[in-house]
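Structure first, then comments.
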Amino acid sequence: MTNKQLICPFCGLGCAVTLKIDEFGRPYAVDAFEGDHVSKGKACPKPFSIPSFLNSSNRLAHPMKRKENGFVEISWGDAIKEISERIKEITKSDDPSSLGFLGSANCTNEDNYVFQKFARAIGTNNIDHHASFFALSEINAMYKSLGIPSLSSTYEELLKSSVVLIWGFNPAETNPVLMGQYILKAKEKGAKVVVVDPRKTKTAWFSDIHLMLNPKTDYALALSLLNVIFNEKLYDKNYSERINLSQKSIEVINSYSPEVVEKICGIQANTIRQVAKLIATSGKASILWGLGILQQINGEDIIEALLTISALCGYLGKEGCVVGGIKNEVNLQGASDMGVLPNFLPGYIDVSNKNEIEKFSKIWGFYVPDKEGMNAFEMLYSSNSTKIKGLYIMGMNPLVLLPNMNLTKKILENLDFLVVQDSFFTETAEFADIILPAATLPEKDGTVTNFERRVRWNNKAVEPVGEAKPDWMIVREIAKELGFESFFSFNSTEEVTREISSVNPLYSNITPEKLKENTSGIFWNINTNDKNEEKFLFLKGFYTPSGKFELQLNETFEIEKQSANLPFLLITFEYAGQHGAATLTRNFSPLMKRWGEAIGELNVETAKSLGINEGDKVKIKTEYGEFSCKVHLTQNIVKDVIAVPWHFGANSIFSCEIAKKYRKPELKVFPCSIIIQGEKQ
Numbered sequence: 028m029t030n031k032q033l034i035c036p037f038c039g040l041g042c043a044v045t046l047k048i049d050e051f052g053r054p055y056a057v058d059a060f061e062g063d064h065v066s067k068g069k070a071c072p073k074p075f076s077i078p079s080f081l082n083s084s085n086r087l088a089h090p091m092k093r094k095e096n097g098f099v100e101i102s103w104g105d106a107i108k109e110i111s112e113r114i115k116e117i118t119k120s121d122d123p124s125s126l127g128f129l130g131s132a133n134c135t136n137e138d139n140y141v142f143q144k145f146a147r148a149i150g151t152n153n154i155d156h157h158a159s160f161f162a163l164s165e166i167n168a169m170y171k172s173l174g175i176p177s178l179s180s181t182y183e184e185l186l187k188s189s190v191v192l193i194w195g196f197n198p199a200e201t202n203p204v205l206m207g208q209y210i211l212k213a214k215e216k217g218a219k220v221v222v223v224d225p226r227k228t229k230t231a232w233f234s235d236i237h238l239m240l241n242p243k244t245d246y247a248l249a250l251s252l253l254n255v256i257f258n259e260k261l262y263d264k265n266y267s268e269r270i271n272l273s274q275k276s277i278e279v280i281n282s283y284s285p286e287v288v289e290k291i292c293g294i295q296a297n298t299i300r301q302v303a304k305l306i307a308t309s310g311k312a313s314i315l316w317g318l319g320i321l322q323q324i325n326g327e328d329i330i331e332a333l334l335t336i337s338a339l340c341g342y343l344g345k346e347g348c349v350v351g352g353i354k355n356e357v358n359l360q361g362a363s364d365m366g367v368l369p370n371f372l373p374g375y376i377d378v379s380n381k382n383e384i385e386k387f388s389k390i391w392g393f394y395v396p397d398k399e400g401m402n403a404f405e406m407l408y409s410s411n412s413t414k415i416k417g418l419y420i421m422g423m424n425p426l427v428l429l430p431n432m433n434l435t436k437k438i439l440e441n442l443d444f445l446v447v448q449d450s451f452f453t454e455t456a457e458f459a460d461i462i463l464p465a466a467t468l469p470e471k472d473g474t475v476t477n478f479e480r481r482v483r484w485n486n487k488a489v490e491p492v493g494e495a496k497p498d499w500m501i502v503r504e505i506a507k508e509l510g511f512e513s514f515f516s517f518n519s520t521e522e523v524t525r526e527i528s529s530v531n532p533l534y535s536n537i538t539p540e541k542l543k544e545n546t547s548g549i550f551w552n553i554n555t556n557d558k559n560e561e562k563f564l565f566l567k568g569f570y571t572p573s574g575k576f577e578l579q580l581n582e583t584f585e586i587e588k589q590s591a592n593l594p595f596l597l598i599t600f601e602y603a604g605q606h607g608a609a610t611l612t613r614n615f616s617p618l619m620k621r622w623g624e625a626i627g628e629l630n631v632e633t634a635k636s637l638g639i640n641e642g643d644k645v646k647i648k649t650e651y652g653e654f655s656c657k658v659h660l661t662q663n664i665v666k667d668v669i670a671v672p673w674h675f676g677a678n679s680i681f682s683c684e685i686a687k688k689y690r691k692p693e694l695k696v697f698p699c700s701i702i703i704q705g706e707k708q
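Below, the structure is given as structure tokens:
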């Protein structure tokens, strides 16, 4: 029997765990890793599912091809040959932009780096990953304002914070290690915890102040906090040296006094002032946000307002201050760093930067396209989406993640060619022409980057199931078949890591040798010679062209309007024991027993007005479909709102209409009706 240390394949906190393997090489149990610098020897419920999903009967073990009566197994050689031939056919009759590529925040940096390089070798920037669903708002807002999209410092700085503002997520359930080892320990040391959420979550129960706002009014509340800080001159007096704050932005801030916003948010004006003063005068405040903001259509505006609060108060690049988003997937930070984005090359190099395009073209040996590509939503739903003839999906299950499931199914069915490369037979895989079996994270080597920019080497713990292979290796073979062998001559994971280090300026100090020696990981940084900047970004300013914090606040924000036919609001949330589209967690019976179905949360008074009782099954209807679930009645949610966990397809009844400004649809709040479906069961 042996123990293997590996990175937990779930949230982006980046904890290490210990996988126990029997004498036959089979995983049978998981323990927290006592010496882990991130988890401090603790673990949440999710990693205990690792042995179950590794041994799941739902695993993909062999390449498969669609036939009239279903899927049949084929050889790797035949699968690779057919994919390359179909890619050639599509790019011959259309241009390369008729192909789309969806990478994965569940795959390693090496997998994602090779995948995005492959898309660009073919000639398109139509490449994206889970970022559109989980982090598009943050990437855009932080890049524009700060020049780099990342958490401003490490988790350890939370322990020195005087105030921790938690906006739009519930770490007590979704990131228990972050909550227990950092936030609650900060509270024990005297920090005040403020939670902003329309639900009184488990995190809110631990808070000193809970702002239980009306859904979709976050931007107004953030602007009102700014209003108090700005007009009462609570900001850092040196702010003007670091911030380009336009007159128009000041006018926007002045429009949202606490008295005005009280009527919008349902939060008393005095409470808004209290929180603003608490944040601004604390000296050391951390501001963390999650999917409650990131998935709103105007999440970019909200994040810009929160960043402005941090900048005005001098909390960016300061000890005891952590500012940024806490997202779902294990390697969302890393996949974004690798350039699996339609507008950025590795290291957040803008594809419109001609000089950088020339550099990458020279290093890679082929012309890198300089036209910005389509993101995941645009590939499937925009007016230009009809141009997408073929789609290559690696480690992502968009049918569960994306809105309007019925329309998404039709779009996938109408593609000329669909390749799905995954470890499991997902809902999306059902529509594929070719399915390729990929190794899971515990079955391969490679690097993973957590929210705080900590890059770690993940050790292969067990052999892949059947004929499954690491994702980068599969892509390499297809590239070779297409004649790109000289561009993809990698013979090991380490060779890919070294190329990443040579082309990605953020990873220039990171090598396989260093990572294997430093098992706690290495922080990527921009000024590689500055040891202080390893753990802090923005110490010496911002990474924008001006070197200042750039800001242009928008005047308006959108509130989803209820109507006579759709008088309520549907919001989504996450279960403690499920993860993302539940591709991994659905294979572990203890998690499924407790968190195996969607239970909606409904305010007691709202339920009474509808004649709904505890445990009744209801039908939630929007213009785009309906979703059924049982309900739990509670006072811990604002009135006229139903909250549903999104792991089971609740997003399917949201609209896929893309807001041009934000390049995304609404994924968090939507008008609905609620109807009793049956008797209590």
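Each residue of the sequence shown is one higher than the last, beginning at 28 in this note's numbering.
Backbone N, C-alpha and C fix where the C-beta goes; we use that ideal spot for every residue, glycine too.
Residue interval of the alpha helix (DSSP H) (run including residue i)
i: residue 672; result: Premise fails: residue 672 lies in the beta strand (DSSP E), 668 to 672, not in any alpha helix (DSSP H).
i: residue 78; result: 77 to 81
i: residue 408; result: 403 to 408
i: residue 490; result: Taken as a continuous stretch (DSSP letters only), residue 490 belongs to no alpha helix (DSSP H), as it is neither H nor E.
i: residue 571; result: Premise fails: residue 571 is in no alpha helix (DSSP H) and is neither H nor E.
Distance CB(residue i)-CB(residue j) smaller than 8 Å
i: residue 442; j: residue 416; result: yes
i: residue 88; j: residue 351; result: no
i: residue 157; j: residue 131; result: yes
i: residue 261; j: residue 307; result: yes
i: residue 700; j: residue 592; result: yes
i: residue 233; j: residue 214; result: yes
i: residue 432; j: residue 652; result: yes
i: residue 194; j: residue 223; result: yes
i: residue 576; j: residue 173; result: yes
i: residue 396; j: residue 147; result: yes
i: residue 255; j: residue 303; result: yes
i: residue 180; j: residue 349; result: yes
i: residue 514; j: residue 392; result: yes
i: residue 86; j: residue 451; result: yes
i: residue 628; j: residue 664; result: yes
i: residue 670; j: residue 600; result: yes
i: residue 141; j: residue 503; result: yes
i: residue 111; j: residue 508; result: yes
Host beta strand (DSSP E) of residue i (start-end)
i: residue 32; result: 29 to 34
i: residue 54; result: 54 to 59
i: residue 105; result: Here residue 105 belongs to no beta strand (DSSP E); instead the alpha helix (DSSP H) covers 103 to 120.
i: residue 312; result: 312 to 316
i: residue 93; result: 91 to 94
i: residue 70; result: Neither: residue 70 is in no beta strand (DSSP E) and is coded neither H nor E.
Burial state of residue i (16 or more Cβ within 10 Å)
i: residue 43; result: buried
i: residue 53; result: exposed
i: residue 690; result: buried
i: residue 136; result: buried
i: residue 708; result: Model confidence at residue 708 stands at a pLDDT of 42, short of 50, so the residue's coordinates are unreliable; what they give is reported in the following sentence. It is exposed - the Cβ of residue 708 has fewer than 16 other Cβ atoms within 10 Å.
i: residue 335; result: buried
i: residue 259; result: exposed
i: residue 512; result: exposed
i: residue 30; result: exposed
i: residue 510; result: exposed
i: residue 500; result: buried
i: residue 702; result: exposed
i: residue 295; result: exposed
i: residue 342; result: buried
i: residue 28; result: exposed
i: residue 97; result: exposed
i: residue 99; result: exposed
i: residue 572; result: exposed
i: residue 63; result: buried
i: residue 49; result: exposed
i: residue 338; result: buried
CB-CB length for residue i against residue j, believed under 8 Å
i: residue 668; j: residue 598; result: 6 Å
i: residue 175; j: residue 553; result: 7 Å
Self-check item: Touching by the beta-carbon criterion (3+ pairs, under 8 Å), the region 246 to 264 and the region 290 to 298
Solution: Contact between the region 246 to 264 and the region 290 to 298 is present, because at least three Cβ pairs lie under 8 Å.
Exercise. Mind the definition here: the region 383 to 403 touches the region 141 to 153 only if three or more C-beta pairs lie below 8 Å; say whether that holds.
Key: Yes: at least three Cβ pairs fall under 8 Å.
Quiz item: Taking one C-beta from the region 349 to 365 and one from the region 305 to 319 each time, how about it: are there three or more such pairs within less than 8 Å?
Solution: Put simply, the region 349 to 365 touches the region 305 to 319. At least three CB pairs are less than 8 Å apart.
Quiz item: Do the region 635 to 644 and the region 65 to 83 meet, that is, are 3 or more Cβ pairs less than 8 Å apart?
Solution: Contact between the region 635 to 644 and the region 65 to 83 is not established, with fewer than three Cβ pairs separated by less than 8 Å.
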